[in-house]
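There are 2 protein chains.
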Amino acid sequence: MKLEVLTISDNRKIQNTIIAKIRDLINYKNLEPGDKLPSERMLSDKFEVSRSNVRDAIQKLEFYGLLKSIPQSGTFVANIGVVAMNGMIEDILRLESPDFKSLVETRILLELKTVRLAALRRNDDDLINIKEALDAYEAKALLGEDAVQEDLLFHLAIAKASRNSTMNTFMLTITPQIIIDFEKYHVCDKDQAVKGIKEHTEIYEAIKAQKPDLAKEKMKDHFSVLYQYCYSLK
Amino acid sequence: MKLEVLTISDNRKIQNTIIAKIRDLINYKNLEPGDKLPSERMLSDKFEVSRSNVRDAIQKLEFYGLLKSIPQSGTFVANIGVVAMNGMIEDILRLESPDFKSLVETRILLELKTVRLAALRRNDDDLINIKEALDAYEAKALLGEDAVQEDLLFHLAIAKASRNSTMNTFMLTITPQIIIDFEKYHVCDKDQAVKGIKEHTEIYEAIKAQKPDLAKEKMKDHFSVLYQYCYSLK
DNA sequence: CATTTTTAACTGGTTAACCAAAAATTATTG
DNA sequence: CAATAATTTTTGGTTAACCAGTTAAAAATG
């Protein structure tokens, strides 16, 4: 089954139009932090779009912390000023979907940090989780089967042990696309999988021994191929 | 106007319940990548929740790249395997809201990279944007007014110039909460704002001169207070 | 019987009516 | 006239009916 992405551009377009209109409204009416936006009904009426579309746009701005909806009360402008509001909405409207290179670049940055933090902060439960992920990866890789998923679950287990919820969330958001791209571009082949077992084990041992610098170095080694691949793309 | 956060826990709870049920369904029915999920109507019927709730849950899983909805066709399991699917849903269900320390820690990590990339990749337009943000900050800070917003817009302009869409998005997602926390904890006081002008200018000059290492160093200096603040929290 | 055409059922998305809680307004009361 | 109580209006959230496109089944055709 092939997954098409036809309607997304249309959907984003109308959503972005509404977001821009909300921005204009905030500016025109000089709405300050904490002020109430017109009701969803009024907005859908004013903008001549469906209330669902208005709700979706509000939800997106809520995700970025710019608005806050309160049931049976209203939608409110967040406690950031008009300047930041305008700047951020501008950026949100221009956001492009992440390319592979940008994803990998970010992943390497994040993981060199999470592995360090994991070595510093991990508790015994974290260690067990990481070990389980490592074993699952090893089992799959030794069989010569595709182990991209188990690979990334190992890395996610480390991110979890870093005790940094923001980095953990970020890792979660980029992982699915990375898996898809990896399988698409065949980034990981068989012999790399076996090589990966050793590298993973070394990373695990460094975290277990609570040696942050060593853990980071081992992760760096592990990423060397990916690093080159990433920067050879363009 | 005070913004309460009462309903969120309830909303998340029911949404997470549905996500867990979708996970169980995928496992029970052995749905593989590309397979079609039962229709929203069937799910809302089976789970005994409203179709809106089902749609919201699907939307969240879509955000994390685990599902894909196609109009007039169905909702499909993404091209990642069951192992990654289970692991990621597990993590998503356990995701906690980001604490201030985790936000700042992540921000410092991201910005030490984006400023480097910006120095390497910035074009003339990027430079103009950064300069404008710098001037706006300077004007506000010299007047002794609160310039937290202009401060962060300067940093967002750098993130934009880094030409890494993923990091740019991540910076956007954490910025509003950082602004709110900064104003809440009064992280930036008056004399720091004036000191900030010099630091911002130095960062700008390094980016202009396309000296990545210098830019990173200047950003590090700029963050030194914040860094200490962050790690003194606990 | 294979192939094409037509029809019916099903899909996610949209719309409009409805709900309960919160605000705002009006009426009542001391 | 101020303070309280009752009522109406307004709100985001929910529900159910509807829409247009897709998909699968059935019928027609050679």
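So the protein lines, in turn, are chains A and B.
When the first sequence is numbered by UniProt numbering, its final residue is 234 and no position is left out of the sequence of numbers.
When the second sequence is numbered by UniProt numbering, its final residue is 234 and no position is left out of the sequence of numbers.
We put the beta carbon where it would ideally sit given N, CA and C, even for glycine.
Residues sharing a beta bridge with residue i, DSSP
i	result
A:VAL83	Answer by DSSP bridge pairing: none, since A:VAL83 is not bridged.
A:SER69	A:THR75
A:LYS36	A:PHE76
Buried/exposed call for residue i, threshold 16 Cβ in 10 Å
i	result
B:LYS218	buried
A:ALA78	buried
A:HIS186	exposed
A:PRO71	exposed
A:GLN177	buried
B:TYR137	buried
A:ALA139	exposed
B:SER224	exposed
B:GLN149	buried
B:ILE128	exposed
B:ASP221	exposed
B:LEU6	Any reading at B:LEU6 must be qualified, since the residue scores a pLDDT of 33, below 50, and its modelled position is unreliable; the value itself is stated next. It counts as exposed.
B:GLU145	exposed
A:TYR231	exposed
B:SER50	exposed
B:ASP91	buried
A:VAL194	exposed
A:SER162	buried
A:ARG23	buried
B:GLN228	exposed
A:SER102	buried
A:MET42	exposed
B:ARG122	buried
B:LYS29	exposed
A:LYS68	buried
B:LEU117	buried
A:ALA209	exposed
B:LEU172	buried
A:LYS113	buried
B:LYS184	exposed
B:LYS13	exposed
A:LEU143	exposed
A:GLU4	Interpretation of A:GLU4 is limited by its pLDDT of 33, a score under 50 that renders its predicted location unreliable; no figure is taken from the coordinates.
Rounded distance between the beta-carbons of residue j and residue i, thought under 8 Å
i	j	result
A:ARG107	A:ILE174	6 Å
B:LYS89	B:ALA57	The amino acid occupying residue 89 of chain B in the given sequence is Ile; Lys does not appear at that position. Actually they are not in contact, since the Cβ atoms of B:ILE89 and B:ALA57 sit about 11 Å apart, beyond 8 Å.
B:LEU66	A:ALA84	That pair is no contact at about 32 Å.
B:ILE207	B:VAL115	7 Å
A:ASP35	A:PHE76	7 Å
B:GLY196	B:ALA141	6 Å
A:ASP135	A:LYS160	No, A:ASP135 and A:LYS160 are not in contact; Cβ-Cβ is about 16 Å, not under 8 Å.
A:GLU205	A:HIS155	Not really, about 16 Å apart at Cβ, beyond 8 Å.
B:ILE180	A:ILE80	7 Å
B:GLN15	B:LYS46	Actually they are not in contact, since the Cβ atoms of B:GLN15 and B:LYS46 sit about 16 Å apart, beyond 8 Å.
B:ALA119	B:LYS211	6 Å
B:ARG55	B:GLU40	6 Å
A:GLY74	A:LEU37	7 Å
A:LEU95	A:ALA20	With a Cβ gap of about 13 Å, A:LEU95 and A:ALA20 do not count as contacting.
A:PHE170	B:PHE170	6 Å
- Message: To be precise: take each residue of the stretch 164-183 of chain A, compare its Cβ to all Cβ atoms of chain B, and keep it if any distance is under 8 Å. Which residues remain?
- Response: ASN164, SER165, THR166, MET167, ASN168, THR169, PHE170, LEU172, THR173, ILE174, THR175, PRO176, GLN177, ILE179, ILE180, GLU183
- Message: If the cut-off is 9 Å on Cβ atoms, which residues from the stretch 88-101 of chain B count as contacting chain A, listed in chain order?
- Response: MET88, ASP91, ILE92, ARG94, LEU95, GLU96, SER97, PRO98, ASP99, LYS101
- Item | Contact set between the stretch 104-129 of chain A and chain B, restricted to residues whose Cβ is under 7 Å from the partner | GLU105, THR106, LEU109, LYS113
- Are at least three pairs of beta-carbons, each pair with one atom in the stretch 104-120 of chain A and one in the stretch 162-172 of chain B, less than 8 Å apart? yes
- Item | the stretch 146-163 of chain A: positions lying closer than 7 Å to chain B by Cβ | GLN149, GLU150, LEU152, LEU153, LEU156, LYS160
- Query: Closer than 9 Å, Cβ to any Cβ of chain A: which residues of the stretch 204-215 of chain B, in chain order?
  - Reply: none
- Listed from N- to C-terminal order along the chain, which residues in the stretch 67-85 of chain B have their beta-carbon within a distance smaller than 7 Å of any beta-carbon of chain A? LYS68, ILE70, PRO71, PHE76, ALA78, ASN79, ILE80, GLY81, VAL83, ALA84
- Can you list, in chain order, the residues of the stretch 43-69 of chain B whose Cβ is nearer than 7 Å to any Cβ on chain A? TYR64, GLY65, LEU66, LYS68
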